[in-house]
Structures are given as structure tokens and as C-alpha cells.
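Note sheet for the following structure.
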Amino acid sequence: MSWHLEHMAALDFEASDKDPETARIVTCALILGGVGRSVDARTWLLSPGIPMEPEAIKVHGITDEYAAEHGMPAEQGVGEIAKAIAEVVAAGVPLVGHNIGGYDLNLLDRECRRHLGDSLEGICRQPLTRVVDTLVLDKHAAPYRRRVSEKQGPYQMRTSAETYGLPWDEEAAHGAEYDALQSARVAYRIGAIAHTRPEDRPDWVQQLRNRRGPYDRFNDLAFVDVEELHRRQIGWAAASAASYQSWLRNAAKSGDKHDPNAVIDGSWPLRLVEAGDSA
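Residue 63 is where the sequence shown starts when you use my numbering, and the numbers rise one by one after that.
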């Protein structure tokens, strides 16, 4: 079976800040579904136990007061989420999300260490080897995309959704359930294009082939199982991070974002924990 037709578990978090090393989970959505399958959604609201950054509140709309009053204790919530993820992993169901390997799984891993005394993979009792990250796939298959606007980046969730022909509801966006569903839909659309004959792919994909050589990168996503796709994403994520690091270190290209000592970690889907992290 083509990887995009598999039963999948879409995962998304909203959190107290944007750094997975320090952030605390506020909401989580885990949605099981797939082509021809009914949707089973589970959601959680947690009290993070620390003040949230104002920018995070602007994104997801949940205040400190609301989370404290209505959210479950962080340790209980993290335990329930980790158990649900472990069951999905044990069943061999792929985890899918947008930037799931850059943010969501690392956030959950740090929260597991913080509240449960074990890593996410320790709780799952096996390494994560069936992860589908739509950010990694989109960057690889359709590289060099320009920003949509000053506020909308080239590979953020909305841009990816709209690129692959999905409608976008800005009022519903940045809720964990909506974003999780959209990531699963993007994964399906990417997979569908990859498994379409190159000459029958959308015009915008045909045009991509002429920008940096004749090879259509969607071919790299076709006719592989989830485990092989996972392995390929490890390499693509590392290459993307190395490219961004090189750009940041190049003053002529990066301008006011120039950082001669920039280090971008390309580990995927989990980053190593440094001593003292996840306190």
C-alpha cells in the first residue's frame, strides 16, 4: 500500500512558547483516520503550570487563567497523551504532523522527561521509525518557495495547505485539532501527487522541474513504505538545516539575519537532550 493511503495518527500541540526545550503543553489533538476510515479524535487541555508567553496566547487564544481553571494537571495530561501515543506506535500506525519532527515530538519528549521521568521513546518502548512530517516533505518536494507575504512564510502550515489546494479557515487555525487534520490532508495530497505519473502532475509541479535541474523531487516520495520514507526524511531534514545554517553564516545572503556562529540542529524526528535541558 502507498504510504499516503495508510491509517495515520495526526498529532498537533499548542504550547506555552515556541521553543520545545522550554515549552509546556497547553492543548493536544491526536486524530486517527485515513482514506476510507472513520475519524477518531482525542483532545486534551492542560494547565501548563507556568505563565505562557504573550505571543503564544495570541496564537492559540488560551489564557493562563482559562488553562488553570479548565485544564487538567500537567503530569496527568502528559501521562495520558504519552500513553495514547505509545498505543499508536505499538500498533504500527504512522504519526503525521506539520513540523512534527522539529517541534511536536520534541515538545512531548521533554514533557515526558519532565513529568514522567522517561523519554518519549522509552515510554513507547521502541524508537520512532514511522513519522511523516509534512514540513520536511513539502520543503523537499517543492523547494525554493518564496514567502507569501511579510507575515506568511513559505512553508508554514497555512502555506502548505493552500499550496496543495486545501481551504484554510483562519479562525479555526492554530487550534490543535484543526491543524492536525490539515497536516493529515496535506500528507495525503503530497502523496497523491507523488503517486501520479509525472506528466499528469499539476502545472505548478511541472514548473518546479525547470527551476533547479530536470529532476522532479516528488519522485523521491513515490513507491516507498513509511519506514523508508522516514529514513529519507532524516536525510532531508539534515540537509535543510545545513543549508539554512550556511545561509545564516553568509553575510551577503542573510543580511540583517546574519549570524557567523549560527548552529542549526538537523536531527529529526527527535533531538538529543543536552545536560540541564528540560528542567
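All C-beta atoms in this analysis are idealised placements derived from N, C-alpha and C, irrespective of residue type, glycine included.
Minimum Cα-Cα distance from residue 199 among the listed residues 96, 104, 297, 191 corresponds to 297. Pairing residue 278 with residue 271 gives a Cβ-Cβ distance under 9 Å. Counting the other Cβ atoms within 10 Å of the Cβ of residue 206 gives fewer than 16, which makes it exposed. Going by DSSP, residue 172 is part of the alpha helix (DSSP H) stretching over 167-178. Collapsing the DSSP output to three states places residue 267 in a helix. For the options 166, 135, 293, 146, the alpha carbon positioned closest to that of residue 79 is the one of 166. One Cα belongs to residue 312, the other to residue 99, and the distance between them is close to 48 Å. Residue 81 holds the alpha-carbon nearest to the alpha-carbon of residue 114 among 81, 137, 142. By the neighbour-count criterion, in which 16 or more other beta carbons inside 10 Å mark a residue as buried, residue 256 falls on the buried side.
Counted as a single uninterrupted DSSP element, the beta strand (DSSP E) harbouring residue 105 occupies residues 99-109.
Taking each of 139, 83, 285 in turn and checking the Cα distance to residue 89, the smallest one comes out for 139. Inside the segment 77-161, DSSP marks whole alpha helix (DSSP H) runs of 4 or more residues at positions 116-122, 126-132, 136-152, from first to last along the chain. A distance below 8 Å between beta-carbons, with the five flanking residues on each side excluded, links residue 222 to the following residues of its chain, in chain order: 160, 196, 197, 200, 248. DSSP places residue 73 in the strand class (E or B) of the three-state scheme. Rounded to the nearest whole angstrom, the C-alpha separation of residue 327 and residue 264 is 33 Å.
Comparing alpha-carbon positions, the option among 152, 216, 178 lying closest to residue 188 turns out to be 152.
Inter-residue distance for residue 149 and residue 109 is about 24 Å (C-alpha atoms, whole angstroms). In this structure the segment 172-183 touches the segment 130-137; the number of beta carbon pairs closer than 8 Å is three or more. For the set 310, 287, 77, the Cα lying nearest the Cα of residue 170 is the one of 77. DSSP, read as helix, strand or coil, puts residue 195 in strand.
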